[in-house]
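Residue numbers (our numbering): 1406 to 1625. C-beta: ideal position from N, C-alpha, C; glycine also.
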């Protein structure tokens, strides 16, 4: 199920059911409407349903004519057949940016496990950074004192066996893996220069080899 983004004031309010294998006529343009996935924002609707993706299905009722959702009731009036019943739900009341629509969620809903799970909430609550990198971790000092630029260079040149102990692989294998460098390289900007691919690879391999966390590895 998809719909508008809750922080977009003019995005569509009514949710839609999307196919798992959509067809496309052409690529999207530079502006227009967007469709975002839908999540349960509460565990109220089912066990462990919070932050799981909401599925949907479009069904045809044989010999059926019309359907109507009646808020405030779980029993149909005489002469009507109940297809399902559940809880009335809508968007968060204090969200000032985006309108929503009332929908009836089945009392025992299905949901897709492994959704993005609080991605939006984490992004919204992310703590403001005091700096991009700590002042003493400047690129110049990293080149002069960092493990990658100093220790690994010395190990590669003078002690290949210690290089293997440090990254759990020989220098030849490290260089072979580093051939993916263009794929993980970032573009230089006016704000800062990106970390070079070799340093990224060394950090990843060192983490896998030692189990060290980023908080301790940042000092190298």
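- Residues 1445, 1446, 1447 and 1448 of the same chain have their beta carbon placed closer than 8 Å to that of residue 1455, with the five preceding and five following residues left out of the count.
- Taking every protein chain shown into account, the CB of residue 1557 has 16 or more other CB atoms within 10 angstroms, so this residue is buried.
- Residue 1418 is positioned such that its CB atom lies closer than 8 Å to that of residue 1505.
- Within the model, the alpha-carbon separation for residue 1422 versus residue 1609 is close to 40 Å.
- For residue 1617, no beta strand (DSSP E) segment is defined, and its DSSP state is neither H nor E.
- For secondary structure counted as the alpha helix (DSSP H) over 4 or more consecutive residues, the segment 1548–1615 holds these complete runs in sequence order: 1557–1563, 1565–1572, 1576–1582, 1586–1589 and 1602–1615.
- A Cβ-Cβ contact shorter than 8 Å links residue 1568 with residue 1560.
- Here DSSP, grouped into helix, strand and coil, assigns residue 1448 to helix.
- Shown here, residue 1512 sits in coil according to DSSP, grouped into three states, outside any helix or strand.
- For a cut-off of 8 Å, the C-beta gap from residue 1408 to residue 1443 is around 6 Å, short enough to register as a contact.
- By alpha-carbon distance to residue 1621, the top candidate from 1552, 1563 and 1440 is 1552.
- Closest in C-alpha terms to residue 1562, from the list 1576, 1571 and 1572, comes 1576.
- Taken through DSSP and simplified to helix, strand or coil, residue 1542 comes out as helix.
- Residue 1481 and residue 1487 have their C-alpha atoms roughly 6 Å apart.
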